[in-house]
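First the structure, in the form of structure tokens, and then the observations on it.
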Amino acid sequence: MTPIDATMLVIAKAPIAGFAKTRLTPPFSPQQAAGLAAAALLDTLAAVRDSGIRHRMVSWTGELARAERADEIAAALADFEVVPQSGGSFGERLADAHADAAGFGRPVLQIGMDTPQAGPELLADCATRLLACEDTVLGPAADGGWWALGLTDPAAASILVTVPMSTARTGELTALALRRYGCRIDPLPVLTDVDTVADVAVVAAARPGRFARAVARLDAARASAIV
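Going left to right, the sequence shown walks through residues -5 to 221 as the numbering used here numbers them.
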């Protein structure tokens, strides 16, 4: 595989019980929800590693030592440059992470850890499209947000501080702010990200992997408890 001369940026938080995926509780316990977050993160890191994208960075927050599957995550992170997230709002942290990733001097494709169904082939295609359009790519999420943002102009990430995050209009407002900045947007496929309990089964069914196996184990445990 020919390396893709771009930077893959993953925004991640330590999958700690009570810190990660709190919207899945209930019906999942805090530890189970964090376990699902850990599985999603591990799938995401593996997909990035296998995508052929040349430069890889993780913008990280939280104490790894307290995370579920901490040893596995630490081993996976060895393949990435890891930088701490700076303070402020989520939009400010995203903009700062893009500025960090721009240090490689290449276009930046950013994702989170909530779309474990985004395999290496899809990520490679998204990065290739970013390089081909020489501008901006944006991947809408089914809930109205977005799951991927690719920029060839790192300064364009500054618009993220003006966009309300985690709303049903975040994707629409991000696209509007990017266009006002002067970006031309090539849309990426729509994906479902894992935010709510209803999303869990949808994403698990989309692609086999650690996340799908973790969901299957929890489903089996709940079924056996009912019998």
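Just so you know, even glycine gets a beta-carbon here, dropped at the ideal spot from N, CA and C.
Per DSSP, the unbroken beta strand (DSSP E) holding residue 144 starts and ends at 140 to 145.
Under the rule that a run must span 3 or more residues, the beta strand (DSSP E) segments found entirely inside the stretch 36 to 105 read 47 to 55, 75 to 78, 102 to 105.
A distance below 8 Å separates the beta carbons of residue 62 and residue 25. Using a 10 angstroms sphere on the CB of residue 186, the tally of other CB atoms reaches 16 or more, which defines it as buried.
With a beta-carbon spacing of about 15 Å, residue 114 and residue 34 fall beyond the 8 Å limit used to define contacts. Of the residues assessed, residue 204 falls on the buried side of the cut-off, its CB having 16 or more other CB atoms within 10 angstroms. By the neighbour-count criterion, in which 16 or more other beta carbons inside 10 Å mark a residue as buried, residue 73 falls on the exposed side.
Taking a C-beta distance under 8 Å as the contact criterion, residue 30 and residue 208 qualify as a contact pair. Around the beta carbon of residue 178, a 10 Å sphere encloses fewer than 16 other beta carbons of the protein chains shown; the residue is thus reported as exposed. The Cβ neighbour count for residue 53, taken over all protein chains shown within 10 Å, is at least 16; the residue is labelled buried. For residue 4, the secondary structure class from DSSP, reduced to helix, strand or coil, is strand. DSSP places residue 185 in the strand class (E or B) of the three-state scheme. At the C-beta level, residue 51 and residue 94 come within 8 Å of one another. Annotation for residue 191: the continuous alpha helix (DSSP H) segment containing it runs 191 to 200. Secondary structure at residue 179: strand, using DSSP grouped into helix, strand and coil. In this structure residue 153 is in contact with residue 172, their Cβ atoms being roughly 6 Å apart against a cut-off of 8 Å. The distance from the Cβ of residue 102 to that of residue 144 is about 7 Å, consistent with a contact at the 8 Å cut-off. Ranking 214, 5, 119, 10 by CA distance to the CA of residue 45 puts 119 first.
As computed with DSSP, residue -2 is found in a beta bridge with 47. Using a Cβ distance threshold of 8 Å, residue 49 and residue 98 count as a contacting pair.
When 181, 142, 162, 198 are compared, the shortest CA-CA separation from residue 106 is found for 142.
The beta carbons of residue 14 and residue 27 sit closer together than 8 Å.
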